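Chemist: Below: one structure in structure tokens.
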Amino acid sequence: MTKKYPEPTMGPRERAFLVGVELRGQENLLALDDSLSELALLSETAGLQVVGNAQQKLDHPHSQTYIGSGKVEEVQALVEELQADVVIFDDELSPRHLRELEKVFKNDVRILDRTALILDIFAQHAATREGALQVELAQYEYRLPRLTRAWTHLARQAGGGGGRAGGVGGVGLRGPGETQLEVDRRDIRRRISYLKADLEKVRTHRQQYRARRKRSQIPIIALVGYTNAGKSTLLNYLASADVYVADQLFATLDPTTRRVELPGGNQALFTDTVGFIQKLPTALVAAFRATLEEIAEADLLLHIVDITHPNSQAQAQAVYQTLEEIEADHVPIITVLNKIDLLTDPEKARQSVEKFPNATAISALTGIGIQDLLKLINDQLYESLKQIVVRLPYQEGGLIATFHNFGQVERIEQTHQGVLIQGRIPGRFLARYKPFIIK
Numbered sequence: 011m012t013k014k015y016p017e018p019t020m021g022p023r024e025r026a027f028l029v030g031v032e033l034r035g036q037e038n039l040l041a042l043d044d045s046l047s048e049l050a051l052l053s054e055t056a057g058l059q060v061v062g063n064a065q066q067k068l069d070h071p072h073s074q075t076y077i078g079s080g081k082v083e084e085v086q087a088l089v090e091e092l093q094a095d096v097v098i099f100d101d102e103l104s105p106r107h108l109r110e111l112e113k114v115f116k117n118d119v120r121i122l123d124r125t126a127l128i129l130d131i132f133a134q135h136a137a138t139r140e141g142a143l144q145v146e147l148a149q150y151e152y153r154l155p156r157l158t159r160a161w162t163h164l165a166r167q168a169g170g171g172g173g174r175a176g177g178v179g180g181v182g183l184r185g186p187g188e189t190q191l192e193v194d195r196r197d198i199r200r201r202i203s204y205l206k207a208d209l210e211k212v213r214t215h216r217q218q219y220r221a222r223r224k225r226s227q228i229p230i231i232a233l234v235g236y237t238n239a240g241k242s243t244l245l246n247y248l249a250s251a252d253v254y255v256a257d258q259l260f261a262t263l264d265p266t267t268r269r270v271e272l273p274g275g276n277q278a279l280f281t282d283t284v285g286f287i288q289k290l291p292t293a294l295v296a297a298f299r300a301t302l303e304e305i306a307e308a309d310l311l312l313h314i315v316d317i318t319h320p321n322s323q324a325q326a327q328a329v330y331q332t333l334e335e336i337e338a339d340h341v342p343i344i345t346v347l348n349k350i351d352l353l354t355d356p357e358k359a360r361q362s363v364e365k366f367p368n369a370t371a372i373s374a375l376t377g378i379g380i381q382d383l384l385k386l387i388n389d390q391l392y393e394s395l396k397q398i399v400v401r402l403p404y405q406e407g408g409l410i411a412t413f414h415n416f417g418q419v420e421r422i423e424q425t426h427q428g429v430l431i432q433g434r435i436p437g438r439f440l441a442r443y444k445p446f447i448i449k
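To convert, take the position in the sequence shown, counting from 1, and add 10; that gives my numbering.
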């Protein structure tokens, strides 16, 4: 199946042709058409003009060129006809696939995959030194086994300060630069080691900062969700913040924390985090470990879902999978169905709430349902007491004291493994005790 896109009216940009493959027997969150539509949005976010796509169903990827030889010839002809500059595959290509495809296509046509495209977008949107370091590490980790001309679209060294750069292939895009193609593997590994050491310092600083916040006993709430679900818009509404908001994928990368007043005079710290997406590159997950730990260490997660999106259920599943991957699936979740102001039938919002556990519907843009959300958060954190049985190691004296100070101890026993406590604690502390719960 092949599709051509109409010519846009805006100025000239690099032209991208997309290639998607459906592997028989492989279960995917999104159908191939929907996945390619998402890839087109990613390409637009990177500053590219999408001019068409091709699809193929296979039992398994071709050993050399990922797609079959006949499909390669078809894509070659379409790329020439449409004058495309870049061919982007919807899956991550192996180093061999990348090398073989580059041999097939002309020198002025570059081959990229979904991972390289997402890394480009992150490089454009990283506005802080920490974000730039994380993106640069992910780029080098991905690039190390792929020292080919595919990386000529990265125009200059990563990590050089904030600000948004141009799209893929555009002048000023940050990343391991074109001149870096001649750097041997030893120098790249040396750079990776340096970046990891620098980021470990960042991680240590974040851990110290989180420890100070926990000592304040103010609960921490992390906003998570699929990219462009409305997390930053919600934080801006709740805290009168000025987090950058745009109708595009991965508009904000760097976490922002704001204090928010809850009903009854209670308080909570809300942290906006990077958006998730299906097929999130493993290199990014590893590089953003320090940032993603903000999620795993939170007391409560607000899972923001764009209820107007036709693939909202699949997007939610992608978020659940990512939470499991970063070991944050133990944190209590409130599902927030966003953008109900765009629904023509309010009944759809009610039906959608019933599909998700512990859910409520809002509009982060207009404020509809925000007070109900805040009450639900307050009840979860402060009003409800959770029945648990935990065995706390003796070195966890802080958790033992917290249980006595804020919970209701019904039974306590000293054992060789630690202190066995049965009782009830406020919901805001549940995530901290989850690793020690006896089921």
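The beta carbon of each residue, even a glycine, is placed where N, CA and C say it ideally should be.
Computed from a predicted model, the values in this text were never measured in an experiment.
For Q144, count neighbouring C-beta atoms within 10 Å of its own C-beta (all shown protein chains included) and say buried if the count is 16 or more, exposed if not.
Modeler: Buried: at least 16 other Cβ atoms inside 10 Å.
Chemist: Could you please give the first and the last residue of the uninterrupted alpha helix (DSSP H) stretch that includes D44?
Modeler: L42 to T55 is the span of the alpha helix (DSSP H), which, as asked, contains D44.
Chemist: Quick one: using the 10 Å Cβ neighbour count with 16 as the cut-off for buried, is G437 buried or exposed?
Modeler: It is buried - the Cβ of G437 has at least 16 other Cβ atoms within 10 Å.
Chemist: Just to confirm my understanding: we take L383, look at its own chain, exclude 5 residues before and 5 after, and list those with CB closer than 6 angstroms. What are they?
Modeler: Correct list, in chain order: T370 and I372.
Chemist: At what residues does the alpha helix (DSSP H) containing F280 begin and finish?
Modeler: First-last for F280: Q277 to D282, but that is the beta strand (DSSP E), not the alpha helix (DSSP H).
Chemist: Any idea if A203 is buried or exposed, counting beta-carbon neighbours within 10 angstroms, 16 or more meaning buried?
Modeler: According to the sequence displayed, residue 203 carries Ser and not Ala. Exposed, since its Cβ has fewer than 16 Cβ neighbours within 10 Å.
Chemist: Using 8 angstroms for Cβ pairs, my map puts V85 next to V31. What's the rounded Cβ distance?
Modeler: Contact flag wrong, Cβ pair sits at about 12 angstroms.
Chemist: When the Cβ atoms of the stretch 413-426 are set against those of the stretch 311-325, are three or more pairs found closer than 8 angstroms?
Modeler: No, they do not touch.
Chemist: Please check the pair A300 and R213, which I expect to be a contact at CB under 8 angstroms, by giving their CB distance rounded to whole angstroms.
Modeler: Confirmed, about 4 angstroms.
Chemist: Please report the residue range of the beta strand (DSSP E) in which N63 lies.
Modeler: Counting along the chain, the beta strand (DSSP E) containing N63 begins and ends at Q59 to L68.
Chemist: Thinking just about the alpha-carbon of each residue, which of S226, T283, V96 and N276 is nearest to the one in K241?
Modeler: The option with the nearest alpha carbon to K241 is T283.
Chemist: Is R269 helix, strand or coil by DSSP?
Modeler: Looking at R269 - three-state DSSP - the assignment turns out to be strand.
Chemist: Rounded to the nearest angstrom, how far is the Cβ of F446 from that of L402, given a contact under 8 angstroms?
Modeler: Contact holds; Cβ gap of about 5 angstroms.
Chemist: With a 10 Å radius around its C-beta and 16 neighbouring C-beta atoms as the bar for buried, classify F132 as buried or exposed.
Modeler: Buried is the call here.
Chemist: What residue range is occupied by the uninterrupted alpha helix (DSSP H) comprising A297?
Modeler: A297 -> alpha helix (DSSP H) spans T292 to A297.
Chemist: When you compare each of G35, T376, L352 and D389 to P246 by their alpha carbons, which one comes out closest?
Modeler: Reading the sequence as shown, one finds Asn at residue 246 and not Pro. Comparing Cα-Cα distances from N246 to each of G35, T376, L352 and D389, the minimum goes to T376.
Chemist: Could you work out which residue in G235, L409 and Q381 is closest to A326 when comparing CA atoms only?
Modeler: A326 has its Cα closest to that of G235, out of G235, L409 and Q381.
Chemist: Would you please state the rounded distance, in angstroms, between the beta carbons of I128 and L108? I believe it to be under 8 angstroms.
Modeler: Going by Cβ atoms, the distance from I128 to L108 rounds to 16 angstroms, so no, they are not a contact pair.
Chemist: Mapping DSSP to helix, strand and coil, what is V329?
Modeler: Three-state result, V329: helix.
Chemist: Figure out for me which residue from L46, A87, F27 and E335 has the closest Cα to the Cα of L290.
Modeler: It is E335.
Chemist: Using a threshold of 8 angstroms, state whether the C-beta atoms of F298 and H135 are closer than that.
Modeler: Cβ distance not < 8 angstroms, so F298 and H135 don't count as in contact.
Chemist: Excluding the 5 residues flanking A293 on each side, which residues of the same chain have their C-beta closer than 6 angstroms to its C-beta?
Modeler: Cβ neighbours of A293 beyond the five flanking positions: A148, E151 and Y152.
Chemist: Are the CB atoms of E110 and L205 nearer to each other than 8 angstroms?
Modeler: It is not a contact, given that the beta carbons lie outside the stated cut-off.
Chemist: Under 8 angstroms between the Cβ atoms of A308 and A232?
Modeler: For A308 and A232, yes; Cβs fall inside 8 angstroms.
Chemist: Taking the alpha-carbon positions, what's the G62 to L51 distance?
Modeler: Near 13 angstroms, if we compare the C-alpha coordinates of L51 and G62.
Chemist: Does the distance from the CB of I230 to the CB of L279 come in under 8 angstroms?
Modeler: Yes, the Cβ-Cβ distance between I230 and L279 is below 8 angstroms.
Chemist: Determine the closest residue to A359 out of Y392, S322 and P342, with distance taken between C-alpha atoms.
Modeler: When only C-alpha atoms are compared, the closest one is S322.
Chemist: So, helix, strand or coil for Y236, using DSSP?
Modeler: In this structure, Y236 counts as strand in the three-state DSSP scheme.
Chemist: Compute the distance between the beta-carbons of L103 and F27, then report whether it is under 8 angstroms.
Modeler: Cβ distance not < 8 angstroms, so L103 and F27 don't count as in contact.
Chemist: With H, G and I counted as helix, E and B as strand and the rest as coil, what does DSSP make of A462?
Modeler: The structure shown does not extend to residue 462, since the chain is modelled only from 11 to 449, so the question has no answer here.
Chemist: Assuming V269 and A249 are in contact, meaning their beta carbons sit under 8 angstroms apart, how far apart are those beta carbons, in whole angstroms?
Modeler: The amino acid at residue 269 is misidentified as Val; the sequence shows Arg. About 7 angstroms; that satisfies the 8 angstroms criterion.
Chemist: Under a Cβ-count criterion, where at least 16 other Cβ atoms within 10 Å of its own Cβ denotes burial, should P155 be classed as buried or exposed?
Modeler: Looking at its Cβ environment, which holds fewer than 16 other Cβ atoms inside 10 Å, P155 is exposed.
Chemist: Can you give me the start and stop residues for the beta strand (DSSP E) that R401 sits inside?
Modeler: Here the beta strand (DSSP E) through R401 covers L395 to L402.
Chemist: When you compare each of I431, P105, K449 and F413 to S73 by their alpha carbons, which one comes out closest?
Modeler: Of the listed residues, the one whose Cα sits closest to S73 is P105.
Chemist: Tell whether a beta-carbon distance below 8 angstroms holds between L88 and Q288.
Modeler: Their beta carbons are not under 8 angstroms apart, which means L88 does not touch Q288 by this criterion.
Chemist: In the structure shown, what three-state DSSP assignment does L386 receive?
Modeler: Note: L386 maps to helix in three-state DSSP.
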